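Chemist: In the working numbering, the protein residues as written are 3 to 191.
Even for Gly, the Cβ is constructed at its ideal location relative to N, Cα and C.
What you are looking at is a predicted structure, and each value in this text was computed from that prediction instead of being measured.
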Amino acid sequence: MKIVGVYSFNGGKEFIEQKYSNLLEEVKKIIDQVDAQKHKTKKSREKTMRGKILYSPRRLNSAFKKYFTKLAWQDQRVPCDYPTQYYLPTYKPSKPNKGAFREMDFIKEKLGIEVQFGKYAFMVYNVCAKMTIFHKLGYIDAGIEIVPIKTFADQMSTGVSYFEQFVWDLEQRGVADIDIPVLILGIEK
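1) Which residue marks the beginning of the beta strand (DSSP E) containing valine 149, and which one marks its end?
2) If I measure Cβ to Cβ from leucine 62 and keep anything under 6 Å in the same chain, skipping five residues before and after, which residues do I get?
3) By Cβ distance, which residues of its chain are closer than 6 Å to valine 169, with the 5 residues on each side in sequence left out?
4) Just reading off the alpha helix (DSSP H) that phenylalanine 32 is part of, what are its end residues?
5) Which two residues bound the contiguous beta strand (DSSP E) that contains glutamine 78?
6) Taking the straight line between their C-alpha atoms, what separation do you get for isoleucine 33 and lysine 100?
7) For isoleucine 5, which residues does DSSP report across the bridge?
8) Put isoleucine 182 into one of helix, strand or coil per three-state DSSP.
9) Arginine 79 and glutamate 111 - do their beta-carbons sit closer together than 8 Å?
10) What ranges does the beta strand (DSSP E) occupy inside the stretch 41 to 124, keeping only unbroken runs of at least 3 residues that lie completely in it?
11) What's the gap between the Cα of lysine 21 and the Cα of methionine 51?
12) Give me the Cβ distance between lysine 191 and methionine 3, rounded to the nearest whole Å; I'm assuming they're in contact under 8 Å.
13) Spatial neighbours of asparagine 12 within its chain, please: CB distance less than 6 Å, with the 5 preceding and 5 following residues excluded, ordered by chain position.
14) Alpha carbon to alpha carbon, how far is lysine 15 from serine 58? Give it in angstroms, no decimals.
15) By a C-beta neighbour count over all protein chains shown, 10 Å radius and 16 as the cutoff for buried, is lysine 31 buried or exposed?
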């Protein structure tokens with residue numbers, strides 16, 4: 003695969019190039035090693051493209067995981083102890099929220115990575131919520147979000163978000179004082 007789009011959110015590109023240049027090179031090599039063609043294996047059941055062979059987001063994620071893990075990048079889970087004191091006195095939950103967690107795909111030396119081939123809301127959540135939470139908890143200082151560009155996403159199931167859409171929304175949203183530096187990488191097969 004190859005990087006064809008680069009967007010610096012809240013100075014992410016500059017921050018990562020300065021503080022994590024060695025890790026950025028690792029990320030670039032990993033992207034280059036993933037052979038997308040091996041993961042064009044999903045037979046569509048969708049009405050608009052029934053029977054068409056598409057790229058499998060699940061298999062692409064597994065490929066990225068294999069290469070990141072080889073270079074000692076690790077996932078990070080944080081347990082969630084959800085508050086119950088905000089329920090109305092008349093509400094009694096049927097069961098507690100046990101085992102809930104938040105997870106970052108890969109972390110190394112306080113640089114967090116998310117690889118996203120999912121629905122649009124997950125991209126926004128990763129950068130505007132999850133990375134902020136993991137920063138506040140002391141796990142990361144900056145992040146990289148790896149996402150498909152539109153022409154690549156068009157060859158996956160409907161609803162997969164893409165780089166161009168994501169960048170437009172981030173530009174319209176602007177940067178808040180709690181946002182961390184994030185580098186958005188748009189990739190193509």
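Modeler: To lay it out plainly:
1) 144 to 150
2) His41 and Phe119
3) Tyr9
4) With the sequence shown as reference, residue 32 is identified as isoleucine, and phenylalanine is not the correct amino acid for it. Segment 23 to 35, the alpha helix (DSSP H) holding isoleucine 32.
5) 76 to 81
6) 36 Å
7) Ile189
8) coil
9) no
10) 76 to 81, 103 to 110 and 113 to 117
11) 44 Å
12) 6 Å
13) Val177, Asp181 and Pro183
14) 28 Å
15) exposed
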